[in-house]
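Novice: First, the structure itself, so that you have it in front of you.
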Amino acid sequence: MKSRGFGRPTTAAHCELFFGGRPMTLARWPNEGAFELIAGFPTSTAQDDDHGGSIGGLEGGFLYAGDRPRRWKDPTGIWVHGYWAWDWANSYEQVTALDPEKRLIRTAPPHGLYGFRKGQRFYVLNVLEELDQPGEWFLDRATGMLYFWPPADVLSGAETLLSLLEGPLLRLSGASHVVIQGLTLEATRGNGVEIRGGASNRIAGCVLRNIGNNGVVVEGGTGHGVVDCDLLDQGDGGVTLTGGDRQTLRPGGHFVENCHFVRQGRWSRCYAPAIQIHGVGQRASHNLIEQHPHCAILFWGNDHLMDFNEIHHIALETGDVGAIYTGRDFSFRGNRIVNNFIHDTGGVGMGSMGVYMDDCVSGTEILGNVFYKVQRAAFLGGGRDHQVVNNVFVDCDPAVQMDGRGLDRSPVWRDMVDKTMRASLEQVPLALYRERYPAMKSLDAAYGPPGGPALTGDAFKGVPPADNVVARNVASGKWLEAGWNATAGMILGEGNVTTGDPGWVKSPGVPVRATDFELRADSPAWKAGFQKLPLDQMGLRRDVSRTVRPPPSGAR
97 MKSRGFGRPT TAAHCELFFG GRPMTLARWP NEGAFELIAG FPTSTAQDDD HGGSIGGLEG
157 GFLYAGDRPR RWKDPTGIWV HGYWAWDWAN SYEQVTALDP EKRLIRTAPP HGLYGFRKGQ
217 RFYVLNVLEE LDQPGEWFLD RATGMLYFWP PADVLSGAET LLSLLEGPLL RLSGASHVVI
277 QGLTLEATRG NGVEIRGGAS NRIAGCVLRN IGNNGVVVEG GTGHGVVDCD LLDQGDGGVT
337 LTGGDRQTLR PGGHFVENCH FVRQGRWSRC YAPAIQIHGV GQRASHNLIE QHPHCAILFW
397 GNDHLMDFNE IHHIALETGD VGAIYTGRDF SFRGNRIVNN FIHDTGGVGM GSMGVYMDDC
457 VSGTEILGNV FYKVQRAAFL GGGRDHQVVN NVFVDCDPAV QMDGRGLDRS PVWRDMVDKT
517 MRASLEQVPL ALYRERYPAM KSLDAAYGPP GGPALTGDAF KGVPPADNVV ARNVASGKWL
577 EAGWNATAGM ILGEGNVTTG DPGWVKSPGV PVRATDFELR ADSPAWKAGF QKLPLDQMGL
637 RRDVSRTVRP PPSGAR
């Protein structure tokens with residue numbers, strides 16, 4: 097096993113055991129789905145966390161409750177996994193010392209990034225004595241003996257696999273116009289498919305499952321696509337698309353379309369989404385994403401399109417997370433989140449968002465989406481120039497939330513805006529960006545005009561959440577919250593229908609479908625300017641390589 101998780105480089109996963117097409121669980125305490133809580137840490141290691149709390153130093157380890165570890169005869173090879181300080185940052189750490197008298201666990205470097213916080217979640221794994229239920233396994237690496245409690249008779253015909261391969265199952269380098277179709281790819285410790293360079297390759301109608309790292313990784317080239325595939329149980333993410341040129345805003349043209357993603361992030365848990373997009377001009381369309389511990393789609397860069405996706409039951413184990421997420425770069429512009437159906441999301445601690453525009457990222461179009469039972473559906477975290485238009489919000493808490501963190505004078509936030517955000521502007525050709533995205537010129541008031549002296553110290557007043565348009569939306573339930581240096585009066589726009597019954601044709605059923613949110617002809621939303629949504633097109637569709645749609649949410 098290797099240390100992995102938030103802030104760590106991706107390495108090949110350790111070998112894994114699969115039975116009947118599903119990953120088995122490395123013997124752990126407590127059992128799958130449960131956590132222990134950090135009971136504290138040596139007080140000598142306490143330090144400020146910059147957010148008004150206290151965390152313990154990494155070298156000193158952390159304390160646990162109870163005496164369960166007394167039964168473990170050999171602590172050699174034991175590992176711990178936890179959300180050590182924050183619910184959005186996890187890692188796996190090797191245990192170097194376990195003191196049952198002090199109830200203290202110490203870990204090997206590099207440790208987690210942020211220290212240990214009392215009450216945060218963890219579990220222990222790779223412990224022979226905890227092999228106590230069907231589906232668990234343990235490998236004694238010294239003797240080569242594998243212990244397995246199968247969930248069914250091993251003679252039943254179900255296949256047993258142990259993954260050993262470190263590299264990808266398929267690698268295309270500089271290739272063009274190659275189609276990989278109809279294959280089942282599984283049981284590598286690395287990536288399933290890697291495509292680098294070239295043009296117009298397709299991964300179509302394939303099943304990628306039980307893969308240690310990512311299902312498909314595309315780096316460079318133009319116009320590569322992943323279409324009509326089922327991706328299940330990746331250790332890291334599903335599909336990663338990187339392409340285009342942020343210095344010239346040349347698009348990459350990569351896309352992932354009509355794919356079904358289930359249970360990504362088995363090992364990495366955080367920031368290992370079903371779909372990750374980098375660069376310029378990528379697209380994610382008509383995908384179904386479900387059963388994920390963290391976020392469904394992460395995007396970084398410019399001119400990306402995310403449309404007609406269905407996302408549900410994500411953020412099942414994490415907090416401060418979005419179904420669709422980006423953040424912390426003023427130059428990420430031209431991105432569009434259009435006609436998606438996001439519903440039934442989870443979230444612990446700080447909860448979750450539907451569309452999360454974090455830390456002053458700006459200029460995203462959020463148009464024609466349906467949000468149902470999402471905590472904070474459209475979250476504008478200090479940014480500006482967003483368009484939240486013609487969406488449907490039902491039973492959200494609230495539908496739209498915004499803040500003005502870019503005006504906060506405390507050091508942690510002031511430094512983020514003035515340093516981190518300024519650095520992002522220095523990485524791109526501003527003249528080109530100001531021409532492509534004229535709204536960026538409004539930042540001159542905060543930073544000073546190009547070519548002139550930068551505003552620093554007291555002259556830098558921060559960046560207000562200006563020019564956000566929230567218009568012609570329909571909301572049933574809690575509507576709008578603004579705070580932390582922001583007020584509702586800062587929002588531009590009109591025509592929002594936010595009181596009473598907006599006139600549904602029928603109440604959402606179980607299983608829920610996007611078409612449940614159709615409005616009657618006499619709805620007041622039409623007079624307010626609301627435009628009809630293509631509800632029947634959201635999510636997976638029948639295609640050349642996909643002839644059967646999965647059942648709707650709630651019917652699985």
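The sequence shown begins at 97 in this note's numbering and counts up by one. For every residue, glycine included, the Cβ atom is placed at its ideal position computed from N, Cα and C. Source: prediction; values computed, not measured.
So, helix, strand or coil for V223, using DSSP?
Specialist: V223 falls in the coil class under three-state DSSP.
Novice: Quick one: what's got a C-beta closer than 6 Å to A651's C-beta in the same chain, skipping five residues either side?
Specialist: Since pLDDT at A651 reaches only 40, below the 50 mark, its modelled position is unreliable, and the value read off the structure follows with that caveat. Same-chain partners within the cutoff: P607.
Novice: Quick one: is E155 buried, meaning 16 or more other Cβ sit within 10 Å of its Cβ, or exposed?
Specialist: Exposed is the call here.
Novice: Among all the DSSP beta bridges, which residues are the ones paired with W125?
Specialist: DSSP, once it has assigned bridges, lists V220 as partnering W125.
Novice: For F357 versus A368, is the C-beta distance shorter than 9 Å?
Specialist: No; because the gap between Cβ atoms is not below 9 Å, this pair is not in contact.
Novice: Name the DSSP bridge partner or partners of S150?
Specialist: Note: S150 sits in a beta bridge opposite D144.
Novice: Residues in the same chain with beta-carbon distance under 7 Å from A584, minus the five sequence neighbours each way, listed in chain order, please.
Specialist: The answer, listed in chain order, is L576, A578.
Novice: Name the residue from I407, G447, T318, R285 whose alpha carbon lies nearest to the alpha carbon of F467.
Specialist: Nearest C-alpha to F467: I407.
Novice: Determine the direct distance from the alpha carbon of A295 to that of L337, and round the result to whole angstroms.
Specialist: So the two alpha carbons sit approximately 13 Å from each other.
Novice: Which residue comes first and which comes last in the alpha helix (DSSP H) that contains D612?
Specialist: From DSSP, D612 is part of no alpha helix (DSSP H); its letter is neither H nor E.
Novice: Let me confirm a value: A495 is counted as buried when at least 16 other C-beta atoms fall within 10 Å, else exposed. Which label applies?
Specialist: A495 is buried by the Cβ-count criterion.
Novice: Taking S520 as part of the alpha helix (DSSP H), name the residues at either end of that continuous run.
Specialist: That run of the alpha helix (DSSP H) goes 518 to 522.
Novice: Just checking my contact of W184 with C366 at CB under 8 Å: how many whole Å lie between their CB atoms?
Specialist: Indeed, because the Cβ distance is near 6 Å, the residues count as touching under 8 Å.
Novice: Out of P264, V289, I307, which has the shortest C-alpha to C-alpha gap to L258?
Specialist: Minimum Cα distance to L258 is reached at I307.
Novice: Along the chain, which unbroken stretches of the beta strand (DSSP E) at least 3 residues long are found entirely within the stretch 298 to 338?
Specialist: Entirely contained in the stretch 298 to 338, the beta strand (DSSP E) runs reaching 3 residues are, in chain order, 298 to 300, 303 to 305, 312 to 315, 321 to 323, 326 to 328.
Novice: If I measure Cβ to Cβ from G328 and keep anything under 7 Å in the same chain, skipping five residues before and after, which residues do I get?
Specialist: With the sequence shown as reference, residue 328 is identified as Leu, and Gly is not the correct amino acid for it. Answer for L328: R305, V358, R359, listed in chain order.
Novice: So which of G573, D236, G553 has the shortest CA-CA distance to R510?
Specialist: Checking every option, the nearest Cα to that of R510 belongs to G553.
Novice: Just the C-alpha distance for G548 and D597, rounded to the nearest angstrom, thanks.
Specialist: G548 and D597: Cα-Cα distance of roughly 53 Å.
Novice: What's the gap between the Cα of D618 and the Cα of F102?
Specialist: Going from the Cα of D618 to the Cα of F102 covers about 50 Å.
Novice: If the criterion is Cβ atoms closer than 9 Å, does the pair M453 and T422 meet it?
Specialist: Yes, Cβ-Cβ distance for M453 and T422 is below 9 Å.
Novice: Whether or not the stretch 479 to 496 and the stretch 562 to 571 are in contact is what I'm after, with contact meaning three or more pairs of Cβ atoms, one per stretch, closer than 8 Å; do they touch?
Specialist: Taking 8 Å as the limit for Cβ pairs, the verdict is that the stretch 479 to 496 does touch the stretch 562 to 571.
Novice: Pairs of beta-carbons, one from the stretch 283 to 294 and one from the stretch 240 to 256, closer than 8 Å: are there three or more?
Specialist: The stretch 283 to 294 vs the stretch 240 to 256: no contact.
Novice: Let's see if you can read the secondary structure: which residues bound the beta strand (DSSP E) around L242?
Specialist: Unbroken beta strand (DSSP E) run through L242: 241 to 244.
Novice: Report the residue from L260, K628, K169, G477 whose alpha carbon sits nearest the alpha carbon of M512.
Specialist: When only C-alpha atoms are compared, the closest one is G477.
Novice: Which residue from V457, N486, A411 puts its Cα closest to that of P560?
Specialist: Answer by Cα proximity: V457.
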